[in-house]
Structures are given as C-alpha cells and as structure tokens.
Amino acid sequence: MIGPALVAVLCALQGASDVQAPAATDAEWVERIATAQGDDYGPTLNAAFERFMQHVDALRMDRAEVLMRAMHDRAHGGWSAESLAMVMVRQGRYDEARALLTEQLATVDDPTERAALLQARALHALGRGEDAVARRDLGAALLLGSSDAEVVLALLALSHGELERARVTSRALLARDPAPAWALRSWGLSMLPPAGDSPSE
Numbered sequence: 002m003i004g005p006a007l008v009a010v011l012c013a014l015q016g017a018s019d020v021q022a023p024a025a026t027d028a029e030w031v032e033r034i035a036t037a038q039g040d041d042y043g044p045t046l047n048a049a050f051e052r053f054m055q056h057v058d059a060l061r062m063d064r065a066e067v068l069m070r071a072m073h074d075r076a077h078g079g080w081s082a083e084s085l086a087m088v089m090v091r092q093g094r095y096d097e098a099r100a101l102l103t104e105q106l107a108t109v110d111d112p113t114e115r116a117a118l119l120q121a122r123a124l125h126a127l128g129r130g131e132d133a134v135a136r137r138d139l140g141a142a143l144l145l146g147s148s149d150a151e152v153v154l155a156l157l158a159l160s161h162g163e164l165e166r167a168r169v170t171s172r173a174l175l176a177r178d179p180a181p182a183w184a185l186r187s188w189g190l191s192m193l194p195p196a197g198d199s200p201s202e
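Heads up: take any position in the sequence shown, counting from 1, add 1, and you land on my numbering.
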C-alpha cells in the first residue's frame, strides 16, 4: 500500500508536469530580447544565442536570422554583427553581409573588435573568390595586431605560390610567444621547392 507521504510527492510531481510551460516560439524570443532589462538582459541574450545556434546547426537559416537580427538590434555588438553576417553569407547574400560589417566598423573604435570585424569581412570575401579585397581587410587587421590575419595572409600567399611572401609572414609569426599553431606548418610549406623543381644537390 502506498503511504500518504508518497502519494503527496507523486501528486506534486504530476502537478508540476501539468503546469510546465511549453517551449517559447521564435516570436516570443524576439519579444523577450526586445524587452529584457537589468539582470535579465545577459541571461536572455545567452539563452537566445543558444537557440540561434540550434537553428544554425539544423540549417534553419531563416529562423536563425530572425533571432540574430533581434539580438543585433538590441546589442549592436561586434559579435552580433558577425553572427548576423555569417547567416547572410550562408544564404548567399554576400553584399548584405559586407554592408552590415562595414556599417558596424564605422561605430567601433576598439582595435581588437575592429580587427575581428575586418577578419570576418575578409573571410567572406575569400569565400566569394575576391582575394584582393580580402587581402586589404586582412592587412588592415594585421596593422591592428591580429595574428589570425597574419596566418591567413601566409596561407593565402602559399595558395598563390608566393613562397617568399609566405616565408616572411610565417617567420614573423614564429617570433611570437606563443607562436600560432599554423605558423610552423605555413613556414615549413613555404620552404618546400615549387612543384616540378628538384632540390639542389
């Protein structure tokens, strides 16, 4: 026979299950993002970002864009601009993504954040085959102290057979402490003879 105490616990659990709120819709998340205040602001954006990533992982880019646009409208941060631009690029909207990052760059003074935005814009340009455009942005990020931009420039030089340029860039990276993981590989590849050449005896 079940005792009264156990019956009470089971009833409480059943009641909690019965009143459990259904998962919020994207429209409800947009409303939460727009109205979150004070201590709720950070946790709300963190939870919304997790939902955004679920949509991205499931390739629901239209739904991901709705959420990230709401977050960017509220936060106006480099992270939200990069995330929204990424979703646009995955939908083939390179021009819109570049315009968004350019607009964000005009509002940012922090060197680290500017470098991150320039790198994002450069990687999108590379994905579109616009190497010259990408090099300009990577060069600007490099001047702001970005070692990531330096690595990409070295690999880009390698891909174009510009071994001396790749060698110089990789050597500069190796002088850093700690050196980026790709620096040694890039430098080693730059030391290999071009295809068809035989090493001197």
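Every residue gets a Cβ at the ideal spot worked out from N, C-alpha and C, and that includes glycine.
Small disclaimer: the values here were computed from a predicted structure and weren't measured.
Reducing DSSP to helix, strand and coil, say where Glu-131 ends up.
-> DSSP places Glu-131 in coil when its eight states are reduced to three.
Would you decide whether Glu-104 is buried or exposed? Buried here means 16 or more other CB atoms lie within 10 Å of its CB.
-> Per the 10 Å Cβ criterion, exposed.
For His-77, three-class secondary structure by DSSP | In the displayed model, His-77 falls within coil according to three-state DSSP, outside both helix and strand.
Measure the alpha-carbon distance for Arg-136 versus Met-54 and round it to whole angstroms.
-> Approximately 29 Å between the Cα atoms of the pair.
Taking the Cβ atom as the reference point for each residue, do Ala-82 and Leu-68 lie within a distance shorter than 8 Å?
-> If you check the CB distance, Ala-82 and Leu-68 do not come in under 8 Å.
Option nearest Gly-93 by Cα separation, candidates Leu-106, Gly-128 and Thr-108 | Across the set Leu-106, Gly-128 and Thr-108, the C-alpha of Gly-128 shows the shortest separation from the C-alpha of Gly-93.
Confirm, please, whether the CB-CB distance from Arg-70 to Glu-46 is below 8 Å.
-> The question names Glu, but residue 46 in the sequence shown is Leu. No, they are not a contact pair.
Within 10 angstroms of its Cβ, does Glu-114 collect 16 or more other Cβ (buried), or is it exposed?
-> It is buried - the Cβ of Glu-114 has at least 16 other Cβ atoms within 10 Å.
Let me know the secondary structure DSSP gives His-161 once reduced to three states.
-> Three-state DSSP puts His-161 in coil, outside helix and strand.
Reduced DSSP secondary structure (H/G/I, E/B, other) of Ala-13 = With a pLDDT of 48 at Ala-13, under the threshold of 50, the modelled position of that residue is not reliable, and no figure is offered here.
What separation, rounded to the nearest whole angstrom, lies between the Cα atoms of Arg-64 and Val-31?
-> So the two alpha carbons sit approximately 11 Å from each other.
Check Arg-91 in the structure and name its three-state DSSP category.
-> Helix.
CA-to-CA distance, Pro-112 to Asp-40, given in whole angstroms = Asp-40 and Pro-112: Cα-Cα distance of roughly 29 Å.
Quick one: Cα of Leu-124 to Cα of Val-57, how far?
-> In a straight line, the C-alpha of Leu-124 is about 18 Å away from that of Val-57.
Taking C-beta to C-beta, are Met-72 and Ala-37 nearer than 8 Å?
-> Not a contact, by the Cβ cut-off of 8 Å.
Can you name, in chain order, every residue of its own chain whose Cβ lies under 6 Å from the Cβ of Arg-166, other than the five neighbours on each side?
-> Annotation for Arg-166: Ala-158 place their beta carbon closer than 6 Å to its own, counting only its chain and skipping 5 residues before and after.
Host alpha helix (DSSP H) of Leu-46 (start-end) = Counting along the chain, the unbroken alpha helix (DSSP H) around Leu-46 starts and ends at 42-58.
Do Leu-143 and Leu-154 have their C-beta atoms within less than 8 Å of each other?
-> In this structure, Leu-143 places its C-beta atom within 8 Å of the C-beta atom of Leu-154.
Identify whether Gln-105 lies in helix, strand or coil by the three-state DSSP scheme.
-> Collapsing the DSSP output to three states places Gln-105 in a helix.
Can Ala-150 and Ala-116 be called in contact, C-beta distance under 8 Å?
-> It is a contact, given that the beta carbons lie within the stated cut-off.
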